[in-house]
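Accompanying notes for the structure given below.
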Amino acid sequence: MSPILIAMVGWFVSPIIHSLLPKILAGIGFDASKKLQELEIHIIPELKKTLQAVDQERMMQRGNRVKTDLDALDKMAAMLRHALEDAEDIFDDAQHKVVLGCWHHLCGAFTSCIARCKCCCVWIAHVVHTKSGRLLQWARDTSLSLFLLRRPEEPVLVNVGAAVVSAEPVQVTIDIPASAAASDETYPVTTSSEATNDNPDLATTGAQASDDAEASGDEPDPMTTPSDSLSRRWLSCLCSSFDLFKNSCASLYNWWLVHVFQAACFYRDWSYQVVGIKKCPENASLFDILDILLTAISRGELKKRIQKVENTVSEVKSSSLLVLAHESKPNDIANKNRRRLGAANKREVFGREVLRDNIMARLRETPQGDAASSRTSPCYSVIGIYGVAGSGKTTFAGYVRDYIKEECKEEKLFDTIMCIHVSETFSVEVIFQEMLKDITGDSHSNISDHGVLNKKLKEALHGKRFLLILDDLWVKNKNDQQLEELISPLNGGLKGSKILVTARTKEAARALCTDELIEMPDLDEDQYLAMFMHYAGKSIAVKEFEQVGREIAKKLHRSPIAAVTVAGRLGANPNISFWKNVAKLDMLNDTMDALWWSYKQLNPDIMRCFEFCNIFPRRFKLDKRDLVGLWIAQGLVKTSCPTEDMEGVAEGYTQELVSCPFLRPDDYSEECFAIHDLLHDLLAKVAGSDCFRIENTWSHIGEGWKGEVPRDVRHLFVQNYDGELITKKILALENLRTLIIYVVGGTPVEEKVIESICKRLPKLRVLAIAFTKKHFGMRKSNKLSVPKSIAQLKHLRYLAFRTDMACSITLPRALTKLHNIQLLDFSGGRMLEFPFADLVDLRHMFCWPNLKFPNLGRLVSLQTLPCFTVSNEQGYEIRQLRDLNKPQGRLRIKGLQNVKSKEEALEANLAAKERLTELGFEWDDDTRCSSEVEAEVLEGLCPPAGLQKLDIFGYRGSRYPD
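So the sequence shown is residues -26 to -1, 1 to 936, counted in mature numbering (1 follows the signal peptide of the UniProt record, and there is no 0).
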């Protein structure tokens, strides 16, 4: 009775609790739904406005403030950035609680309800069953006793029909021979089940007795008389009457129970109306549901987190260092009516013809004599150029390379040209690989051994006259060990080879060049103005803007990088008043301040995206696809409406950054970018310690990286995988949101390290191991099992484990708990099946092409899918593609022999997938349909109108569609 009583009490008081709980919480000063709404509508916009004001003050007062004040402003900006990230996490957690909380509570309530109903039903059934069973046993015993006493000399056959309900089998046959009536022997009486199991000769069912008599051809037993038939009818009527009585009682009980329940509901609702309690609303909003689900502890934690964000904004706004935007924001800094730029202008070189001719003359010089090269007399000579950062050294080096390839093709000055960026920290092995790629087209990225790469490079250079451009050399003297290792294989080339070195300082250039150095000259005023107006854009009316442009150009002290960036931002706002206000800014006199001003003209969302790029090393080649995925995973890309494509918006960001140009397109690929060193310096000042790089080399692995990682770092890049480094220094970074491990060399990634990352870094949104496409991770491991603890990364959006083809990847079922996951990248790794159709936010999947995708049609957000194999199994039909209208790029459909008709092929709805540029259709050699059917199927697979390429494999149809 106690479970029933508890259920009844809970059923009665639950609406009271639901009604009073929000009032109690409101009374103590906290309502979760209202606070979340306030956070979204008021606090976050105010936070962004304050952050913009702080950044504005940092920019405008750089030349006027003392260093301590600027440091305080930098700290305020970091506080606000972190508060914005915390606010984003709060919404993540709230959504997570709603989704999981609703599911668990509904399941729990449903299970509890079933359990309580079952308990009640079992109790009622037990009562009826026990009482009726005793009554039936009494009636049976009484009837049998009466018959046995009335005719002891006759056998009595008793058949109890199926209507009798008993726990024991009720069909009984009692056979008492006449000879036994006079004796005192006792004959056993058994039920049919007992007879079957123990001694079948002692008892048989009535049906069996009748059948046996007929089969033997004997006459019916004379003991079966009309009086016996009457007796049996009497007993049957008695049992049927009892059954009717029992069913009537049960019906009466049920009717009574229903009416009692209805009466209870009526009086409960009436009592609620009397005291003013309303029923639970049927259509509760997300925040109302959240009010019910959050416990007191989680509410308290949520309150603290929201209050912390609010306090941060209030603290910064009250600072005496901050001049609010509405009080000091000048018109010249306004970012209104800014147009979106298209592709970047083609890079051009201005005023460098004299320098070019000087360099070309030295490159054409040939040595006298045929003496073999040696350490004291190498096969190459060195030309050194030095100049301050942003003076155009890198652009000029690329200009010389292109000039030789395009204008001097007939001269055949060199057999091969290598253009390498060195930077402050470099790996000799990586430079060897880049040199091999320039020579042979193969970087040998699968080789990491220094000796092997050195040997291959010598073989590749043997008998060739080469030009090696070493851009941005940072070494301090010619005895630098890494520099000696870098030039050691170069003596395999022919006499007359050249090395062109660019550096910021004379000392670095002299480390290789013993001849006279060349200082990067300034442009004259007219040349500089021509370059400035070129990057301002062709749409600018020269006569109207040239005079103002000349005034601005004078302030930039002929710095090429300042001219390119400032002119790019001016070109984005072709308003003469805006140009005149900019010409009044004193901050343009300093190159870094000019870059800062250009940066502040960007859209705030684009600014955050550009700041994130500071996670990568200097001159790092940024792949557009990776960059867009990372920006989206961090929530940096904002759309104007829910239907707008985030990838399209992010690509627009890259176009604007290239147009500025804050991103510089790679010479070999339009899909890759680099960032100028001075802009990297700018990002370091803007982003502070949010982004950090561990540029450890392979020689550091095992010995330990000696540096320190800031405790408040948010985004971390690790050049080379080191399990000990991760364990000792990275797992303690509890606020980490991005962890990118670029290269995994000879040491395989331990699964216990991955598990520790999942357990200790709960705020991760990006986890990428073996991020580079050149060096595949886990090469020495045949299997990678992603741990179940991956489910603890509830904020995770971007997961990449890039392996080679020999590695088999096993994913846990817990992966379905990653409700926010947007991108999965297991490039190269082998997986047989991907049974995670519940990941409805998944946008991109990079994996083994033969991976099986059951129930693919549920992944409605999917945009990138390498392949889909059609089969006759459930969940692999071609109609799974019907509702996927977002796929873009390339899609390959295999197993088309399993499509049996044109109607079935039309269900794929390929014509609606307008973002696809390439399609592949493949028929295997399994069971084939007729050529006519295949032709019908191909006709039904109508591709979208904008398709650029169509591949068809294994097709044996009778015709091709028109």
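All C-beta atoms in this analysis are idealised placements derived from N, C-alpha and C, irrespective of residue type, glycine included.
Item                                                                                                                                                   : Value
Quick one: Cα of R375 to Cα of A648, how far?                                                                                                          : 18 Å
Nearest-angstrom Cα distance between L58 and V283?                                                                                                     : 8 Å
In the DSSP output, which residue or residues are listed as bridge partners for R864?                                                                  : E892
Indicate the three-state DSSP secondary structure (helix, strand or coil) for H16 in the structure shown.                                              : helix
Can you list, in chain order, the residues of its chain whose CB lies under 8 Å from that of I405, leaving out five sequence neighbours each side?     : I394, V396 and L460
How many Å lie between I378 and K517 at the Cα?                                                                                                        : 37 Å
Tell me whether D799 sits in a helix, a strand or coil according to DSSP, three-state version.                                                         : strand
Measuring only the C-alpha atoms, how far is P591 from G662?                                                                                           : 15 Å
Going by alpha carbons, who is nearest to L865 out of S419, K438 and P840?                                                                             : P840
Can you check which of these residues, D664, V356, V844 and N285, is closest to R582 by C-alpha distance?                                              : D664
Looking only at DSSP bridge pairs, what is residue 941 linked to?                                                                                      : Residue coverage of the chain in this structure runs from -26 to 936, which leaves residue 941 outside it and unanswerable.
So does the segment 588 to 607 actually touch the segment 561 to 568, counting three or more Cβ pairs closer than 8 Å?                                 : no
Given that a residue counts as buried once 16 or more other Cβ atoms are within 10 Å of its Cβ, and exposed if not, what is A774?                      : buried
Can you give me the Cβ contacts of N829 inside the same chain, cut-off strictly under 6 Å, excluding the 5 residues immediately before and after it?   : A811 and G849
What did DSSP end up calling P162 once you bin it into helix, strand or coil?                                                                          : Residue confidence is low: P162 scores 42 on pLDDT, short of 50, so the model does not pin down where it sits. Its coordinate-derived value is still stated next. In this structure, P162 counts as coil in the three-state DSSP scheme.
Pick out whichever of S614, G364, L884 and Q693 has its Cα sitting closest to the Cα of N539.                                                          : It is worth fixing the name first, because residue 539 is Thr in this sequence and not Asn. When each option's Cα is compared against that of T539, the closest is G364.
So what does DSSP say about F820, is it helix, strand or coil?                                                                                         : strand
Measuring CA to CA, which of T368, L21 and D936 is closest to D641?                                                                                    : T368
Taking its Cβ as the centre, do 16 or more other Cβ atoms sit within 10 Å of I15, making it buried, or is it exposed?                                  : exposed
Taking Cβ to Cβ, would you say I359 is nearer than 8 Å to I492?                                                                                        : yes
In the DSSP output, what is V740 paired with across the bridge?                                                                                        : T712 and Y772
Checking the sheet assignment: what are the DSSP bridge partners for A882?                                                                             : Answer is none; A882 lacks a bridge partner.
Could you pull the DSSP bridge partners for F440 from this structure?                                                                                  : T390
List the endpoints of the continuous beta strand (DSSP E) containing F927.                                                                             : K923 to F927
Can you name, in chain order, every residue of its own chain whose Cβ lies under 6 Å from the Cβ of Y929, other than the five neighbours on each side? : W897
Could you tell me which residues DSSP puts in a beta bridge with Y377?                                                                                 : Answer is none; Y377 lacks a bridge partner.
Start and end of the alpha helix (DSSP H) containing V328?                                                                                             : E327 to L337
Given this structure, state the Cα-to-Cα distance separating V144 from L792, to the nearest angstrom.                                                  : Below a pLDDT of 50, predicted positions are generally treated as unreliable, and V144, at 40, falls in that range; the measurement from the model is reported next regardless. About 58 Å.
Just to confirm, is the Cβ distance from V356 to L457 under 8 Å?                                                                                       : no
Taking the alpha-carbon of residue 987 as reference, which of L337, Q407 and H418 has the nearest alpha-carbon?                                        : Limits of the chain in this structure are -26 at one end and 936 at the other, which puts residue 987 out of reach.
Could you tell me whether the Cβ atoms of T340 and G466 are closer together than 8 Å?                                                                  : no
Return the first residue and the last residue of the beta strand (DSSP E) that S759 is part of.                                                        : K757 to S759
Would you decide whether Q854 is buried or exposed? Buried here means 16 or more other CB atoms lie within 10 Å of its CB.                             : buried
Go to Y642, then tell me how far its beta strand (DSSP E) extends in each direction, as first and last residue.                                        : Segment: none, Y642 is in no beta strand (DSSP E) and carries neither H nor E.
Let's test the definition: count the other Cβ atoms within 10 Å of the Cβ of S401 and tell me whether it reaches 16, buried, or not, exposed.          : buried
Should F519 and F440 be called a contact, given that it needs their Cβ atoms to be closer than 8 Å?                                                    : no
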